[in-house]
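All residue numbers for the sequence shown refer to our numbering, where the first residue is 8 and numbers rise by one.
Cβ atoms here follow ideal geometry from the backbone N, Cα and C, with glycine treated the same way.
All values reported here derive from a predicted model rather than from experimental measurement.
A quick write-up on the structure given underneath.
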Amino acid sequence: MGNLCSSIIVNERGLGYSASPWFGLVWRGLSVFLGCSTAPAQDVVDRSPSEQVAFFESRIRPVLIEHCYECHSLDSKIIQANLLLDSKNGMLRGGDSGPALVPGQADESMLLKALRYEDSQMPPKGKLSDEILRDFEKWISEGAVDPREESKAGPKKAWVDPLVAKEHWAFQSLVGLDSELHRASLSSALIEAGNSDRWSVEPSTRIDGFIDAQHQRRGMVASGEAEPLVLLRRLSFDLTGLPPTPQEIDLYLADPVDQRYSRAVDRLLASPQYGVRWARHWLDTVRYANSNGADENHEMPNAWRYRDWVIDALNEDKRFDDFIKEQIAGDLLPAPDDELARNRLITATGFWVLGPKMLAEQDKAKMQIDIVDEQIDTFSRTMLGVTLSCARCHDHKFDPFTQQDYFSLAGILMSTRTMADQAFVSNWMERPLVTKAREQERTVHQVKIDGASQKVQQLFQRLHQELVEQGKLPALPENPSVLIKDGPYSDEMKKEIEAAQKELETLQKGMPEFDKAMAVEEAKEMVDLPVHLRGNHLKPGVEKIARGVPKVLTNGLPFPEIASNQSGRLQLATWLTDARHPLLARVMVNRVWMWHFGQPLVASPSNFGLKGEQPSHPELLDDLAMRWIEQGWSLKWLHREIVLSRAYRRTSRDARYDETDPENRWLWRQNSKRLEMEPIRDSLLACSSRLDLHFGPPQAKEGPRRSVYLNINRAALEDIFSVFDYVDPASHIEQRSVTTVPSQALFFLNNAIVTSSAETLASALAKDSQDDREVIEKGYRIVVGRGPTPKEVERATQFFKMVTEILGDSVGGAESAVITDPSLLRNEVIGVFVHGLFSAREFIWIE
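Following this line, the structure appears as structure tokens:
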């Protein structure tokens with residue numbers, strides 16, 4: 008297989024290497040038995056519009072306001088160079104030197120050239136940081152999305168009209184399940200769907216009732232159910248991130264037809280691998296990584312404790328309101344008697360510490376407010392589904408959030424200790440995880456230290472007495488048990504002193520340490536912040552803002568009073584997880600739906616604000632959110648409710664409404680989904696029986712564990728991460744993009760994980776059977792979760808013969824054979840076959 012890989016690399020790079028028979032067999036010739044092209048389509052899906060707007064609002068607009076508006080806005084006394092930078096049209100129109108912006112072409116944009124100090128030098132007071140320049144380059148390269156509108160009347164004022172906010176669907180409280188409004192919406196959906204009789208019999212059809220109602224309105228007929236093994240593979244990847252094994256397939260098919268699907272759901276939800284799969288989804292939203300990134304890319308050696316806490320919490324189906332509450336303020340909740348439970352509450356608050364930080368920033372006040380800003384951005388987008396950080400520099404331009412709202416929440420986090428110190432290169436907070444066993448170890452070890460210390464003191468007393476007797480000291484020193492600097496010690500005495508001190512130092516260094524977790528704690532002083540002019544910490548206002556949350560979200564749900572000696576995190580956690588809260592349950596149900604269907608009910612999953620998307624099925628979203636709360640916030644209940652629905656079980660192989668509803672907004676079929684990097688890598692290892700399913704902390708030498716355990720270095724991601732659209736772990740990610748690029752095909756041709764997995768599986772298949780047809784059957788079942796069709800068996804059989812003739816001694820005699828050993832030849836032939844299966848689209852796409 009090594010020769011195969013090298014020949015393909017050379018050929019794909021166009022270095023003049025003649026097309027080898029290996030290349031034709033594995034790349035073009037694979038279609039002989041796969042019956043489909045392995046080449047990727049050039050279909051690229053960029054970041055969502057809401058993500059691009061959020062990037063502009065948090066990373067671009069504040070810089071323009073702070074450094075450019077003074078000379079280049081309608082509020083300027085004199086507009087320099089006739090250039091306006093306070094609207095998109097102004098930037099495109101440009102000034103005396105021409106357009107300031109060329110969307111998609113960063114290097115051609117005058118604005119970026121000026122910021123780089125190339126053609127001109129802007130801002131004139133000093134060049135901006137490299138990080139800001141990279142942000143502008145990224146923004147322009149991605150199309151320079153800019154929601155600002157031009158206004159001759161001056162800058163557009165913030166939209167904070169409480170009447171508008173009150174009418175917005177997302178800011179309205181969830182109504183109770185027994186309310187008149189809810190009953191009316193249910194009745195309407197049931198009547199339109201024509202399925203009121205079965206509603207009470209089959210709970211999962213509550214979901215289908217709302218979806219069927221939309222079909223009725225549009226004259227649509229939904230697709231039928233997917234094939235049994237397609238459903239099993241879909242379920243297995245959705246709930247555990249792993250392909251079904253041949254044994255699991257046999258068990259599934261052996262169950263009664265009317266029970267096997269629901270039994271499979273229960274088995275998969277009970278698997279410990281469920282927590283691994285769904286933890287990865289959550290870790291995306293909270294920007295989990297194992298290094299700090301930013302200016303000083305230090306390793307975060309204890310970040311894994313938070314990751315494992317998430318996995319454990321999901322596996323035990325911790326109430327989701329508690330799951331959120333513990334991350335916000337676990338250290339402030341009543342301390343349980345069990346020390347493990349106490350330490351888990353501390354570990355959960357690592358949520359606040361995980362973000363990147365400019366550790367070497369010498370303006371420590373700026374570092375602190377920037378950390379708070381990053382925390383607000385992650386918290387608000389993840390748990391509230393709003394872009395609150397946009398209100399740092401100015402009242403939010405689209406949502407009813409003011410700067411006062413922003414700094415009221417900032418006060419809570421400024422009253423929370425995230426950084427351990429303000430050293431030249433600052434350190435983040437880590438808290439000890441105290442246990443009785445470790446305390447006992449430390450007590451025993453301290454006795455040894457005390458004994459060694461006493462031994463040193465006694466040694467000095469004896470030596471000093473000897474020196475007095477020898478006349479080398481006139482009298483005993485004031486403290487005879489302490490070393491005299493430059494004392495008249497003999498060489499023998501110095502050796503004795505050195506040995507005793509070394510013993511003491513060794514014991515002191517060997518004191519058993521408490522394990523530590525990245526975590527926050529209450530600050531020594533509580534802070535109410537004033538509004539900062541344009542978000543600048545050097546320009547604070549006079550009036551301080553009481554700590555709290557955005558006022559528009561307290562209508563009908565008042566924020567608890569914060570005592571003067573409390574940060575407000577506990578009140579924040581209590582308020583957010585109140586069943587009456589308008590956003591948390593809606594936001595999370597929408598995310599779970601998205602991770603199951605590939606698309607959310609609200610197409611902007613981290614922006615439920617006024618510029619966010621309207622829900623496609625608002626009654627369904629609220630019904631699920633309310634019932635989820637009533638079911639005790641059980642995430643496993645929510646999974647079961649969704650995957651048991653007919654909507655989830657539909658086939659994706661239907662194109663009847665592709666022209667009228669190309670995005671499948673009305674859910675008339677299921678969506679096919681490309682696997683993310685983690686399940687792709689895990690599947691390669693699992694299919695070759697090499698995947699290590701053990702849980703626990705990092706190991707000195709990491710084996711082939713599940714991908715969630717891989718080290719995520721923010722400054723140096725492994726190649727496999729970027730090939731398959733891994734997220735930027737520096738910030739919250741609402742949804743992973745899906746791109747199809749040539750490097751993905753080359754990965755399957757040449758990557759060591761692929762080739763070694765193919766070789767290992769091929770060896771096992773060859774050992775199990777000498778019958779080609781049986782090998783083909785098992786190969787398909789292991790790699791793509793089904794048996795081959797008769798046509799695929801025929802093609803694969805032809806392929807086996809073709810490869811055997813090329814590599815064996817049937818062409819030109821034994822002297823021209825590539826492989827003469829029959830067993831090695833068979834292994835190699837099966838290896839090429841397996842490699843081809845891994846390279847097929849079906850391996851990484853879920854139907």
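Rounded to whole angstroms, what's the CA-CA distance from residue i to residue j? Just pull it up for me.
i                 : j                 : result
asparagine 543    : glycine 619       : 28 angstroms
isoleucine 318    : arginine 241      : 21 angstroms
aspartate 779     : valine 790        : 16 angstroms
aspartate 555     : aspartate 535     : Correcting the residue type first, residue 555 is glycine in the shown sequence and not aspartate. Cα to Cα, the separation comes out at about 10 angstroms.
glutamate 58      : proline 711       : 33 angstroms
threonine 450     : leucine 645       : 48 angstroms
aspartate 735     : glutamate 144     : 16 angstroms
isoleucine 139    : valine 432        : 20 angstroms
alanine 759       : glutamate 766     : 10 angstroms
leucine 753       : glutamine 334     : 41 angstroms
valine 454        : arginine 445      : 14 angstroms
glycine 838       : alanine 693       : 16 angstroms
methionine 426    : phenylalanine 62  : 25 angstroms
phenylalanine 467 : valine 475        : 12 angstroms
leucine 90        : alanine 398       : 25 angstroms
alanine 847       : aspartate 828     : 29 angstroms
lysine 120        : serine 127        : 7 angstroms
tryptophan 852    : arginine 587      : 39 angstroms
valine 283        : leucine 246       : 9 angstroms
valine 33         : glycine 843       : Low local confidence applies: a pLDDT of 45 at valine 33 is under 50, so the model's placement there is unreliable, with the coordinate-based value given in what follows. If you take the alpha carbons of valine 33 and glycine 843, they lie about 6 angstroms apart.
proline 253       : glutamine 777     : 19 angstroms
valine 549        : glutamate 626     : 45 angstroms
isoleucine 649    : phenylalanine 178 : 25 angstroms
phenylalanine 845 : glutamine 751     : 12 angstroms
proline 251       : leucine 275       : 10 angstroms
isoleucine 376    : aspartate 522     : 29 angstroms
glutamate 835     : valine 761        : 14 angstroms
histidine 471     : leucine 483       : 6 angstroms
serine 690        : phenylalanine 244 : 9 angstroms
Thinking just about the alpha-carbon of each residue, which of the options is nearest to the one in residue i?
i              : options                        : result
isoleucine 331 : Asp302, Val293, Leu366         : Val293
glutamine 223  : Leu674, Ala759, Lys708         : Leu674
proline 519    : Val441, Ala113, Arg681         : Val441
arginine 326   : Ser776, Gln677, Asp585         : Asp585
serine 94      : Leu627, Ala107, Lys708         : Ala107
arginine 270   : Leu239, Val800, Asp732         : Leu239
arginine 141   : Cys78, Val70, Tyr76, Cys75     : Val70
isoleucine 740 : Ser148, Ser278, Arg469, Ser611 : Ser611
leucine 81     : Glu73, Arg68, Gly97, Glu473    : Gly97
leucine 768    : Ser696, Trp582, Pro705         : Ser696
valine 800     : Glu784, Ala233, Gln464, Ile214 : Glu784
threonine 385  : Met601, Ser422, Asp291         : Asp291
alanine 684    : Ser830, Val745, Trp640, Met633 : In the sequence under discussion, the amino acid at residue 684 is methionine, which differs from the alanine named in the question. The shortest C-alpha separation from methionine 684 is found at Val745.
lysine 364     : Phe358, Gly357, Asp370, Met374 : Met374
Flag this pair as yes or no: are the beta carbons of residue i and residue j separated by less than 8 angstroms?
i              : j              : result
glutamate 437  : alanine 553    : no
serine 381     : glycine 362    : The sequence given here places glutamate at residue 381; serine does not occur at that position. Yes, the pair counts as a contact, with Cβ atoms nearer than the cut-off.
isoleucine 727 : arginine 688   : yes
glutamate 854  : arginine 660   : yes
tryptophan 435 : valine 379     : no
serine 230     : arginine 672   : no
proline 869    : tryptophan 311 : Any property of residue 869 remains undetermined from this structure, which presents the chain solely from 8 to 854.
Going by DSSP, which residues form a beta bridge with residue i?
i              : result
aspartate 522  : Leu440
proline 547    : His539
arginine 424   : Glu528
tryptophan 285 : Paired residues: none, contrary to the question.
isoleucine 378 : Its beta-bridge partners do not exist; DSSP assigns none.
glutamate 232  : Arg657
tryptophan 435 : Met426
tryptophan 852 : Arg681
Does the beta carbon of residue i sit closer than 8 angstroms to a beta carbon anywhere in chain C?
i           : result
glycine 282 : Protein chains in the displayed structure number just one, and chain C is not present.
Next item on the list: Would you check if there are 3 or more beta carbon pairs closer than 8 angstroms linking the region 245 to 265 to the region 291 to 308?
Entry: no
Handout entry: Stretch-stretch touch, CB-based, cutoff 8 angstroms, three pairs: the region 392 to 411 with the region 616 to 634
Key = yes
message: Three Cβ pairs or more, each shorter than 8 angstroms: is that satisfied between the region 348 to 356 and the region 687 to 706?
response: no
Segment contact, 8 angstroms Cβ cut-off, at least three pairs: the region 386 to 395 with the region 503 to 517:
no
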